[in-house]
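Taking our numbering, the leading residue of the sequence shown gets 29, the next gets one more, and so forth. Quick reminder that beta carbons are idealized off the backbone N, C-alpha and C, glycines included. Quick caveat: nothing in here was measured; it's all calculated off a predicted structure.
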Amino acid sequence: MKNRCIPIDGYIIFDRLLKNSIVIVRVVSGYRDLESLFLNLDEQ
Numbered sequence: 029m030k031n032r033c034i035p036i037d038g039y040i041i042f043d044r045l046l047k048n049s050i051v052i053v054r055v056v057s058g059y060r061d062l063e064s065l066f067l068n069l070d071e072q
């Protein structure tokens, strides 16, 4: 399993590569504070 992020047209697409598929995990605006998004994940 491999995680990736791809910037497209002002958005960042976070996806996860599985054995036979790609799963979109999250799509966020490139203008957001990405660090704060991941800090919130650690608190859950």
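Residue 60 vs residue 42 beta-carbon contact at 8 Å = no
Pairwise C-alpha distance: residue 31 and residue 47 = 12 Å
For residue 67, three-class secondary structure by DSSP | Looking at residue 67 - three-state DSSP - the assignment turns out to be helix.
Quick one: grab the DSSP three-state call for residue 45.
-> The DSSP-derived three-state label of residue 45 is strand.
Nearest CA to the CA of residue 29: which residue from 62, 45 and 38?
-> Closest option to residue 29, Cα to Cα, is 45.
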